[in-house]
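Here's the structure we're looking at; comments come further down.
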Amino acid sequence: MSSLEIKHLFGLRGVSKHDIRLILDHAKQFREILERPVKKVPSLRGMTVVNLFFENSTRTRTSFELAEKRLSADTVNFTSSNSSVKKGETLVDTLRNIEAMKIDIVVVRHKGTGVPKFLADNSNAIIVNAGDGAHEHPTQALLDMLTVEEKLGTLEGKNVTIIGDIRHSRVARSNLWGMTTMGAHVTLCGPSTLVPRNTELMDQVTWEPDVQKAVANADAIIALRLQKERMDDALLPSMREYRNTFGITQELLDCAKDKVIIMHPGPINRGVELDSDIADGNHSVILDQVTNGVAVRMAVLFLLAGGRNNENA
Amino acid sequence: MKMRKPCKGRLSNVVLKNAKYWNGKSFELRSEVRLNACEGSETTEFDCNGALVLPALFGLGLDFMEPLRDDVYTFADGFEAMRKGGFYGGLYESAANPIDDADKFTAMVNRFKTEELGGKGFEIKFLGAYSKGFGTDSLAEMVELAVAGVAGFGDGSSAIPHSRFLRLAMEYGKMTGKRFFFQPMDKTLRHSGCVHEGAYSDMLGMKGIPRIAETIAAYTILETARFLQVPVHFKQVTCGETLDLVCRARRVGIDVTCDVNLYHLLLDDSCLETLDSAYHILPPIRSAADREALWQGVIDGTVDAISVNHTPVLRQDTVVNFEDSVPGALSLEVALPAIWNKLVERVGEQRAVELLSTVPARLAGAAPAKDNVIVLSPDRPHMVVESDFAGHVCNSPFTGKELPSSILATYINSVWTEL
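Respectively, the protein sequence lines represent chains C and L. Numbering of the first sequence is given in my numbering, commencing with residue 9 and proceeding in unit increments. Numbering of the second sequence is given in my numbering, commencing with residue 2 and proceeding in unit increments.
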């Protein structure tokens with residue numbers, strides 16, 4: 009089957025191995041296109057994509073916008089700061105007004121868990137989640153998976169360790185679901201105030217409080233960005249202690265495999281979750297992640313739009 | 002000899018045929034039961050076909066939101082909901098309009114008695130506020146409120162500002178002899194949580210409210226109650242740990258009663274997976290283990306009553322994503338059909354009637370149901386639709402769901418309502 013089983017991309021929990029494989033395989037093809045002199049394909053010509061961002065975003069929005077333009081879609085950017093949302097318009101009204109302008113796909117980022125699903129329940133557009141609260145950020149996880157496959161050949165049987173603020177991380181959740189579906193072993197590690205306390209429904213992963221043990225067998229390490237507001241909320245005593253305990257330093261890397269790859273969803277707090285020499289060093293694949301982000305988002309948009317086109321036909 | 006009431010409006014004498022009538026201890030099949038409104042009013046005959054005729058209910062936790070948005074939900078809607086659900090009375094506590102002085106209390110009572118609203122005859126009791134405007138650290142005029150007739154003092158489900166104010170409020174309010182009704186919740190531990198902190202909230206990345214937000218507040222209240230010898234009631238207990246505290250407090254002589262919200266007995270936090278804002282209820286719906294602990298409390302008698310906490314929420318405040326929705330659920334219209342069968346299965350008919358009618362009324366200082374009755378078919382399922390609810394609201398987790406039993410008719414204040 010060459011089309012997706014899903015109609016929207018809300019998250020990776022419950023998404024089949026078939027669908028993830030299809031997205032990654034298409035992303036690989038788009039990755040090749042991105043290396044060509046002419047990087048544009050006509051796949052979404054005539055379609056309109058709205059980037060509906062209720063939260064600040066630079067790289068995800070830019071990456072989506074670039075993916076849309078590479079696919080020849082018409083794009084509209086909508087942020088809450090320049091919209092009627094500021095005037096009290098409801099989420100549904102905002103969406104319906106935009107939808108009335110005959111759009112096809114909505115890429116949405118919002119602080120609330122489940123907003124993409126809510127919008128899909130209340131509209132006819134294809135919805136792509138670009139991050140909803142601490143719930144999911146599926147395209148980030150897909151680009152992480154693509155990067156692991158690109159660098160290590162496969163996800164099957166690989167050990168992936170995610171370090172940092174797991175509790176508030178949509179990236180960690182999406183990676184947890186997606187990577188385990190694809191056969192990777194995922195280990196999560198972070199300070200006790202920043203890891204979920206109730207992990208019964210996330211028991212397919214290993215929870216390791218000791219960071220040295222967490223990295224020892226890792227083929228890939230994903231360092232999560234530490235949000236500075238966590239300090240104000242008394243979740244951590246200081247950046248310094250965090251860096252010394254959970255930061256990816258050369259000393260910590262010495263405990264890991266020689267060929268381990270270092271990933272980060274960006275933007276990096278250099279000297280906090282990741283030392284500069286590591287971020288810029290030989291193990292780092294962070295810029296490959298950024299390139300793969302465009303390819304993955306092209307694949308997602310292409311496949312979801314293709315599914316709708318097939319339905320209409 | 003039954004009291005004859007003045008005949009007005011839709012008053013009706015009723016003859017119920019083939020009813021299993023509640024005799025105070027059990028249901029007994031009677032070929033005919035006569036309920037008389039007044040001389041000269043029309044007589045309605047209704048064949049119950051073996052359905053149950055049980056005492057009408059008393060609802061703990063009514064809030065009709067007026068005057069917040071009286072274009073959407075009014076007292077009249079609330080009374081209609083009570084008739085539909087078979088409630089002859091309730092304990093009212095207004096979050097929108099705290100009753101913090103005697104004038105407000107008198108105005109509220111008079112408003113309820115306004116005949117055109119249809120509220121006359123309902124057995125409504127009111128909780129006064131112990132703080133001005135709820136959640137502040139200024140004392141309300143509790144002595145005058147008590148003289149005016151409030152049933153007790155409540156917090157409007159607001160968190161207690163600080164322990165010293167709790168002590169002072171209870172110490173001052175002790176003069177009245179009234180009970181304090183608290184929904185125990187430590188606001189700093191609640192923080193910005195909106196759901197139960199557990200496996201589902203962690204899986205979904207939603208901000209949780211831990212059990213200790215309830216138990217720590219409950220412990221503080223109980224210790225203050227012991228220190229001052231003031232009777233207290235816990236509204237909407239959500240976990241077994243709080244019930245343990247209640248048991249321990251009773252053993253050392255603290256006068257403490259408590260209720261459990263019917264939604265906390267019927268749902269658990271697996272409903273969060275739907276991300277449906279209809280499940281946004283505070284205090285939050287907790288885990289399956291918590292739900293079972295509450296049932297144990299119902300069975301062993303720790304829980305005194307089942308509350309309804311009827312809260313209309315404007316439609317535009319529910320048609321949003323979960324975390325941005327306004328919490329609250331309608332319950333008057335669906336409470337009995339939703340819980341009756343499970344309750345009888347667990348505790349039997351007599352205790353079920355006590356939990357839903359007799360004890361809630363006693364806690365509020367209200368009269369018993371007398372001739373107010375409900376005709377309930379326990380084995381006829383009912384699909385809940387939006388039009389089942391009074392007013393322009395339908396915020397219930399049961400909308401679109403099938404309930405195991407259905408109310409066929411109610412007879413409240415001599416008004417016969419067939420559904």
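We put the beta carbon where it would ideally sit given N, CA and C, even for glycine. Computed from a predicted structure; not experimentally measured.
- In the structure shown, R363(L) adopts helical secondary structure according to DSSP, grouped into three states.
- Between P56(L) and A370(L), the C-beta spacing is below 7 Å.
- Residue-level contact check: D325(L) touches chain C, since one or more beta carbons of chain C fall below 7 Å from its beta carbon.
- Legend: CB atoms of the segment 192–223 of chain C lying less than 8 Å from CB atoms of chain L belong to residues P204, R205, N206, T207, E208, L209 and M210.
- Your pair S308(L) and L58(L) does not check out as a contact, with CB atoms roughly 11 Å apart and the cut at 8 Å.
- Around the beta carbon of R178(C), 16 or more other beta carbons sit within 10 angstroms, so the residue counts as buried.
- Residue-level contact check: A108(C) does not touch chain L, since none of the beta carbons of chain L fall below 7 Å from its beta carbon.
- Using a Cβ-Cβ cut-off of 8 Å, V123(C) is close to N322 of chain L, given in chain order.
- In the structure shown, the three-state DSSP call for S397(L) is coil.
- Here Y93(L) carries a strand assignment [DSSP, helix/strand/coil].
- Contact annotation: in the segment 132–152 of chain C, residues whose CB is within less than 7 Å of a CB in chain L are G141, A142 and H143.
- If you draw a straight line from the Cα of A149(L) to the Cα of A103(L), it is about 6 Å long.
- For L273(L), not one C-beta of chain C is nearer than 7 Å to its own C-beta.
- One thing to note: G86(L) has its Cβ no nearer than 7 Å to the Cβ of E124(L).
- Against Y173(L), chain C offers no close residue; the least beta-carbon distance is about 34 Å (beta-carbon pairs closer than 7 Å).
- Residue range A336 to V354 is occupied by the alpha helix (DSSP H) that includes P338(L).
- Counting only runs of 4+ residues, the alpha helix (DSSP H) found wholly inside the segment 203–240 of chain C occupies 219–224 and 237–240, in chain order.
- Cβ contact annotation for E387(L) (same chain, cutoff 7 Å, sequence separation greater than five): C395 and T400, in chain order.
- In the DSSP annotation of this structure, the continuous segment of the alpha helix (DSSP H) that includes V179(C) starts and ends at R178 to T189.
- Inclusion of G366(L) and A141(L) in the CB contact set at 7 Å is not warranted, their separation being larger than that value.
- When the beta-carbon positions are compared, H265(L) and T303(L) stay at least 7 Å from each other.
- Counting along the chain, C248(L) sits inside the alpha helix (DSSP H) bounded by residues G241 to R252.
- Counting C-beta pairs with one atom in each stretch, the segment 281–296 of chain L and the segment 192–211 of chain L have three or more that are closer than 8 Å, which means they touch.
- No Cβ-Cβ contact shorter than 7 Å links L30(L) with S415(L).
- Contact check for V304(C) against A35(C) passes: the beta carbons are separated by less than 7 Å.
- Legend: CB atoms of the segment 286–298 of chain L lying less than 7 Å from CB atoms of chain C are not found in any residue.
- Contact check for N322(L) against G122(C) passes: the beta carbons are separated by less than 7 Å.
- Around G274(C), the same chain offers R67, R233, I294, Q297 and V298 as residues with beta carbons nearer than 8 Å, after the five sequence neighbours per side are excluded.
- Between the alpha carbons of N252(C) and Q148(C) lies a distance of about 27 Å.
- Of the residues E172(L), F113(L), M109(L) and K114(L), the one whose Cα lies closest to the Cα of S132(L) is E172(L).
- With the criterion set as a beta carbon lying under 8 Å from some beta carbon of chain C, the members of the segment 193–206 of chain L are E198, G199, A200, Y201, S202, D203, M204, L205 and G206, in sequence order.
- In this chain, the alpha helix (DSSP H) harbouring D104(L) covers A103 to K114.
- Scanning the segment 245–311 of chain C from its first residue to its last, the whole alpha helix (DSSP H) runs of 4-plus residues come out as 247–254, 258–261 and 284–287.
- In this structure, DSSP gives K77(C) a helical state, which the three-state scheme calls helix.
- At a Cβ-Cβ threshold of 7 Å, A219(L) and T189(L) do not count as neighbours.
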